[in-house]
Each structure stands twice: as structure tokens, then as C-alpha cells.
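So the number in the working numbering is just where the residue sits in the sequence shown, counting from 1, plus 17.
Even for Gly, the Cβ is constructed at its ideal location relative to N, Cα and C.
Remember, it's a predicted structure, so these values are computed and weren't measured experimentally.
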Amino acid sequence: MATLLEQLREFTVVVADTGDIQAIETFTPRDATTNPSLITAAAQMPQYQSIVDDTLKTARKELGKDADESAVVTLAFDRLAVAFGLKILEIIPGRVSTEVDARLSYDTEATLEKARYLISEYEKAGVSRDRILIKIASTWEGIKAAEVLEKEGIHCNLTLLFGMHQAVACAEANVTLISPFVGRILDWYKKETGKEYAPTEDPGVMSVTSIYNYYKKFGHKTEVMGASFRNIGEICELAGCDLLTISPKLLDQLNSTEETLPRKLDPEAAAKMDIAKIAMDKAIFDKMHQEDKMAYEKLDEGIKGFTKALETLEEMLKERLTRIEGETRVNNAAADIFRVYDLDGDGFITRENGQEPMSFLMLLILTTMVKLPPKKWPQV
18 MATLLEQLRE FTVVVADTGD IQAIETFTPR DATTNPSLIT AAAQMPQYQS IVDDTLKTAR
78 KELGKDADES AVVTLAFDRL AVAFGLKILE IIPGRVSTEV DARLSYDTEA TLEKARYLIS
138 EYEKAGVSRD RILIKIASTW EGIKAAEVLE KEGIHCNLTL LFGMHQAVAC AEANVTLISP
198 FVGRILDWYK KETGKEYAPT EDPGVMSVTS IYNYYKKFGH KTEVMGASFR NIGEICELAG
258 CDLLTISPKL LDQLNSTEET LPRKLDPEAA AKMDIAKIAM DKAIFDKMHQ EDKMAYEKLD
318 EGIKGFTKAL ETLEEMLKER LTRIEGETRV NNAAADIFRV YDLDGDGFIT RENGQEPMSF
378 LMLLILTTMV KLPPKKWPQV
């Protein structure tokens with residue numbers, strides 16, 4: 018019998034929800050999504066340290082040796098997600114989602130500027146914008162930015178989506194794709210009610226099902242990509258959704274489970290449903306958002322969570338830059354000292370040069386310098 022993953026691929030596009038390039042190679046999805054938390058986690062893995070280091074070194078080279086550390090980190094920070102995206106695109110045949118800074122979620126103009134910058138970085142690397150989805154939080158301001166970007170041929174993935182009002186606004190803005198968060202909705206209801214939910218009664222599953230049916234009923238072209246799953250039961254209940262972005266852990270479970278998987282979501286069935294059309298403007302959006310306690314709280318929590326991940330990544334980049342540049346200075350200093358002692362230029366420091374071999378004190382100083390940040394180096 019075919020595995021659940023094999024059957025799911027017959028009617029749903031499977032997307033890898035990870036920044037781990039090795040996991041993407043293992044499960045061969047069509048598309049891949051990243052977010053600040055995933056990029057931060059991947060950037061700390063030893064196998065991807067070269068991506069981080071190369072990004073920092075390139076930023077320093079472009080800005081110059083006298084540029085402030087914070088400016089170098091900011092430039093590298095902007096480019097790191099693109100660097101991971103480029104690596105992922107070498108593996109997958111489809112699209113990668115790269116997220117705009119979550120701290121810009123309520124600023125339409127800043128979101129536009131950052132999105133255009135990210136696309137320009139991909140295009141400079143020779144990647145067509147058709148292979149990129151710019152991830153933007155589903156605030157009213159973010160949705161309005163996406164509406165402008167779509168008209169410019171920049172495709173958008175509206176994330177942190179928890180309510181029907183967000184979904185309707187995205188559809189009317191003609192965004193390419195939305196990512197309703199199944200598991201985070203379940204988390205909220207479990208905490209609020211103290212109940213456990215079977216997959217068929219899962220509030221997150223029911224939310225995505227309602228959004229999918231609404232879109233198909235009214236002919237919206239925006240794709241629905243369920244995200245943030247807690248178990249494979251949720252995934253199976255959404256079989257037939259346009260796309261599902263799934264973590265490596267759950268992909269592995271799907272790939273190792275053999276049982277029949279029926280299709281649960283169907284566009285033809287949805288088109289025949291009796292569903293009322295929802296009018297949408299900013300006033301209605303704001304009213305519905307205020308009245309939907311779950312969506313209100315989870316959107317706010319999601320933006321804060323991604324912001325924290327971004328700040329963690331920035332600190333990590335600062336520390337890494339200090340270490341890289343410290344090692345470079347030590348190497349240069351050692352080379353200079355060697356040249357001073359190697360009087361005959363034969364590549365060796367010996368008594369034949371009229372000098373004692375490099376002293377223990379000098380070696381101790383160099384060793385100490387390696388361990389200290391530049392500002393604390395002893396004066397040689």
C-alpha cells in the first residue's frame with residue numbers, strides 16, 4: 018500500500034516547512050517555506066555555518082572595513098534569508114517563501130520597501146521572481162502592501178492568518194497564497210477550553226476547511242496552504258487542500274505510515290455549498306478582528322514571536338562577526354610577526370636568522386587575543 022505522503026501528493030502540493038536544507042533533500046517537496054524562527058534555528062546548525070559566515074564577510078566587504086558593526090549586521094541580516102532561499106532553490110523545482118521583517122507588520126510602506134529589496138536580491142542572483150513568495154503578516158497594512166506588490170508581479174504569501182476576515186481581505190487583494198495556521202488555532206482553543214480535540218473536530222482544521230470552501234465557492238484564485246500542524250491527523254483531515262506546508266518530523270511520519278487516505282477537501286463540492294459572501298473593507302476588518310478573540314491574540318503573539326526570533330538572530334550575527342573579525346586580525350598579526358622574525362625570508366624562524374625562536378610570551382599573547390573580542394586585545 019502507498020504511504021500517506023504518497024497519497025497526499027496525488028491531490029495536494031506538499032511543501033517543506035523548514036530551513037534545514039538536508040531535510041528538504043530528504044523529502045523532495047515541490048516548494049519550501051521559511052520564517053524567522055526556522056532561519057534562526059538553521060543558522061545555528063554547524064552544517065550551515067558557512068552560509069552565515071559568507072553572508073557576514075560579503076556584507077563587511079561591501080560596506081568597508083571602517084563601517085560600524087551594526088551596519089554590517091543589518092545588511093547581513095537582510096540577506097541571510099535570501100542566502101538560505103538560494104540554497105533551497107537549488108534543490109526544489111518550485112517556490113521558496115521568504116519573510117519580511119515582522120517588525121514592519123503594521124507599516125505598509127516599509128513592508129513594500131523590504132519586499133522589493135528581497136526580490137532584487139534574488140534577481141541579482143539570477144532567480145526569477147516567479148519562484149519567490151514574499152511572506153507578510155496578515156494585518157490590514159500587510160494585506161494592502163501585498164495588493165500593491167501583486168500588481169508589480171511580486172507574489173505574496175500572507176502568513177499568521179487565523180480568521181475568516183483575514184482570508185477574505187487577502188482574496189479580495191488578489192494575493193497569490195495564504196497560510197492559515199492550523200496548530201496555533203488548536204493551541205488557543207485547548208488552552209481556552211481545557212479540552213482535547215479529535216482531528217475531525219479540530220478548530221484549526223475547521224477554520225482552514227471553511228476558508229477553502231469559501232474561496233472555491235466564490236472562485237477566488239488565491240491558493241490556500243494549511244500550515245503549523247501538530248499531528249498527522251490534522252494533515253489527513255485537510256487532504257485535498259491546495260497546498261500543505263509540513264515540518265520534517267511530520268513528513269517522516271506520513272512517509273512511514275501506510276493506510277488509505279481519502280480526499281477531504283474538494284473544489285467541486287465546495288462550489289455547490291450554500292455560503293454567504295462577506296463584504297470587506299477596513300472598518301469591517303477591524304470590527305471582525307476585535308470580535309475574534311482567538312485571531313486577535315494569535316496574530317499579536319505570532320508577530321511578537323517572530324520579532325523575538327529576529328532579535329535572537331541579530332545577536333547571533335553580532336557575536337559571529339566579532340569572532341570572524343577577531344580571527345582575521347589574529348591571523349594578520351601573526352603573519353606580520355612572522356615576517357619580522359623571518360629575516361632571511363625562507364619561511365622559517367631559526368637561530369640562523371640571529372633570532373631566538375618565537376617566544377612563549379608571544380605565543381601566549383596571540384592565544385589570548387584569539388579568545389578576546391578586538392576591543393579587549395592586549396597591546397603588542
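- Residue burial annotation: M18 is exposed, with fewer than 16 other C-beta atoms found within 10 angstroms of its C-beta.
- For D269, the enclosing alpha helix (DSSP H) has its first and last residue at 265-272.
- Taken through DSSP and simplified to helix, strand or coil, E275 comes out as coil.
- Inclusion of M333 and Q61 in the CB contact set at 9 Å is warranted, their separation being smaller than that value.
- Between F323 and A154, the CB-CB gap stays under 9 Å.
- Relative to the Cα of T176, the nearest Cα in the group T29, R120, D37, S196 belongs to S196.
- In this structure, the alpha-carbon of V225 lies about 49 Å from that of G81.
- In this structure, the CA atom of L338 is about 8 Å from the CA atom of D70.
- Collapsing the DSSP output to three states places P197 in a strand.
- Between the segment 142-158 and the segment 312-323 there are three or more C-beta pairs closer than 8 Å, enough to call the two in contact.
- Looking at the DSSP output, V30 bridges to L260.
- Under the 10 Å beta carbon count, Q66 is surrounded by fewer than 16 other beta carbons and is classified as exposed.
- A residue is called buried when at least 16 other Cβ atoms come within 10 angstroms of its Cβ; P46 meets this threshold and is buried.
- Sequence-distant partners of K335 (beyond 5 residues in either direction) whose C-beta falls short of 7 Å from its own C-beta, in its chain, are E86, V90.
- Residue burial is scored here from C-beta neighbours: P220 has at least 16 other C-beta atoms within 10 angstroms and is therefore classed as buried.
- In the displayed model, N230 falls within a helix according to three-state DSSP.
- Taking a C-beta distance under 9 Å as the contact criterion, P284 and E254 do not qualify as a contact pair.
- For the pair L73 and A93, the Cα-to-Cα distance works out to about 5 Å.
- In this structure, the straight-line span from the alpha carbon of A287 to that of M181 is close to 16 Å.
- L55 sits in a helix when the DSSP states are folded into three classes.
- Taking C-beta separations shorter than 7 Å and ignoring five residues to either side along the sequence, the partners of I292 in its chain run N230, Y231, K234, following chain order.
- The DSSP-derived three-state label of E169 is coil.
- Rounded to the nearest angstrom, the Cβ distance from A256 to L22 is 11 Å, too far for a contact under 8 Å.
- A Cβ-Cβ separation of about 14 Å leaves N272 out of contact with T29 under the 8 Å criterion.
- Under the 10 Å beta carbon count, A163 is surrounded by 16 or more other beta carbons and is classified as buried.
- Distance from the CA atom of E126 to the CA atom of K289, rounded to whole angstroms, is 40 Å.
- Beyond the five residues adjoining it in sequence on each side, P265 comes within less than 6 Å, by CB distance, of T35, A40 in the same chain, given in chain order.
- Counting along the chain, K281 sits inside no beta strand (DSSP E), nor does DSSP assign it H or E at all.
- Pairing G236 with I151, the inter-Cα distance amounts to about 23 Å.
- For the 9 Å CB-CB criterion, T57 and A312 do not form a contact.
- The beta-bridge partner set that DSSP reports for S114 consists of T50, L150.
- In this structure, E251 is the residue among Y206, P53, E251 with its C-alpha nearest to the C-alpha of K281.
- Annotated three-state conformation of E107 is coil, per DSSP.
- Note that the C-beta distance between C173 and L194 is below 9 Å.
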